[in-house]
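A short worksheet on the structure shown next.
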Amino acid sequence: MTSAWRMVVGAFGLVALAIGFLSVVFLTAPAAPGPDLARSKNSAKGLYALSIAPEAGEPRQGELHAWVVTVKTRQGAPVEGAAISVGGGMPEHAHGLPTSPEATAYLGDGRYRIEGMKFSMPGWWQLKLGVSAPAGTDEATFNLVL
801 MTSAWRMVVG AFGLVALAIG FLSVVFLTAP AAPGPDLARS KNSAKGLYAL
851 SIAPEAGEPR QGELHAWVVT VKTRQGAPVE GAAISVGGGM PEHAHGLPTS
901 PEATAYLGDG RYRIEGMKFS MPGWWQLKLG VSAPAGTDEA TFNLVL
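This note's numbering applies: residue 801 is where the sequence shown begins, and numbers increase by one.
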């Protein structure tokens, strides 16, 4: 075998080794993290602590459902008389909610009923809540996967 032929065979060997190494790295790399699915969090400016919960079991695709949003101060006191705005959608599909949910009732102890929620397809949804109360105006975004 000539020296030129040995160099060609050696180069192919190195290429095969590199492809094998990159395949192992790619196949064993951790997946990208998903959205934060916490149902309790502080608002963006830290004025409020919010939590969300479906009113009657986990929501199902295509059905109207209600949620209860609990709003408390940073110190943990219930927030009464807040104006709650509701928005959201599917960030990966760049569309909003298929309905226009709104806060319909104050339930006491900082809890507000949100009615008119509907998720029209499975996937990652965002629920964006705005809170306007004596402490100020703030917002929080919750991620939900149906």
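We put the CB at the ideal spot given by N, CA and C, even for glycine. Since the structure is predicted, the reported quantities are computational estimates derived from the model, not experimental observations.
Query                                                                                                                                        : Result
May I have the straight-line CA-CA distance separating Ala866 from Ala853, to the nearest angstrom?                                          : 9 Å
Out of curiosity, what's the CA-to-CA distance linking Arg874 and Met921?                                                                    : 35 Å
Could you give the DSSP three-state label for His895: helix, strand or coil?                                                                 : strand
Span of the beta strand (DSSP E) holding Pro859?                                                                                             : Note, Pro859: premise wrong, no beta strand (DSSP E); not H, not E.
Would DSSP call Gln875 helix, strand or coil?                                                                                                : coil
So which of Lys918, Ile884 and Pro878 has the shortest CA-CA distance to Gly896?                                                             : Lys918
Just how far apart, CA to CA, sit Leu822 and Asp836?                                                                                         : Its pLDDT being 42, under 50, Leu822 is placed unreliably in this model, and the value from its coordinates should be taken loosely. Their backbone Cα atoms lie some 30 Å apart in a straight line.
One question on the structure: do Val931 and Thr937 come within less than 8 Å of each other, judged by their Cβ atoms?                       : yes
May I have the straight-line CA-CA distance separating Ile884 from Glu892, to the nearest angstrom?                                          : 25 Å
Is the beta carbon of Ala933 sitting closer than 8 Å to the one on Ala894?                                                                   : no
Given Val871, which residues of its chain have a CB within under 6 Å of its CB, disregarding the five upstream and five downstream residues? : Tyr848, Leu850, Val879, Ala882, Gly910 and Val931
Please tell me whether Gly876 and Lys928 are closer than 8 Å, where the distance is taken between their beta carbons.                        : no
Out of Trp925, Ser843, Ala905 and Asn842, which has the shortest C-alpha to C-alpha gap to Glu855?                                           : Ala905
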